[in-house]
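*Asks:* Here's a structure for you.
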Amino acid sequence: MQEERGGKRTRGRRVEQIGVVASDKMEKTVVVRVDRLVKHPKYRRYVRRTSKFMAHNEKGATVGDKVRIVETRPLSRHKRWRVVEILQKAEK
Numbered sequence: 007m008q009e010e011r012g013g014k015r016t017r018g019r020r021v022e023q024i025g026v027v028a029s030d031k032m033e034k035t036v037v038v039r040v041d042r043l044v045k046h047p048k049y050r051r052y053v054r055r056t057s058k059f060m061a062h063n064e065k066g067a068t069v070g071d072k073v074r075i076v077e078t079r080p081l082s083r084h085k086r087w088r089v090v091e092i093l094q095k096a097e098k
């Protein structure tokens, strides 16, 4: 049985996330911030939760870019994601 993590997952598909590049200070790695809304159990209001993923960056994404990342095999100690496409470039 396939498990579901944050993103969409169906049989034979890779987990995808869409987020904003928070840091590009490493050579081929970016830190991607992914926001999601979670309903508070007591107050029944939606609260924004943030996760940060380190992703392999061959596309040349920079800080502020909106990117799509997919889960992949472990590339290093912290990297398990890779940038597939840049959806929107940051305004300079």
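Mapping to our numbering: the sequence shown position 18 is 24, numbers consecutive.
C-beta atoms are modelled at their ideal positions from N, C-alpha and C, and glycine is treated no differently.
Note that the coordinates shown come from a computational prediction; the quantities given were computed from them, not determined experimentally.
Among Val-53, Val-90, Arg-42, which has the Cα closest to the Cα of Ala-67?
*Replies:* Of the candidates Val-53, Val-90, Arg-42, the one whose C-alpha sits nearest the C-alpha of Ala-67 is Val-90.
*Asks:* With distances taken between CB atoms, is the gap from Val-40 to Ala-61 smaller than 8 Å?
*Replies:* The answer is no: Cβ separation not under 8 Å.
*Asks:* Note down, in chain order, each residue of its chain lying with its Cβ closer than 6 Å to the Cβ of Pro-80, except the 5 sequence neighbours on either side.
*Replies:* Same-chain partners within the cutoff: Arg-86.
*Asks:* What are the start and end residues of the beta strand (DSSP E) that includes His-62?
*Replies:* 52-62 is the extent of the beta strand (DSSP E) around His-62.
*Asks:* Would you list the one or two residues that DSSP bridges to Ser-29?
*Replies:* DSSP, once it has assigned bridges, lists Val-37 as partnering Ser-29.
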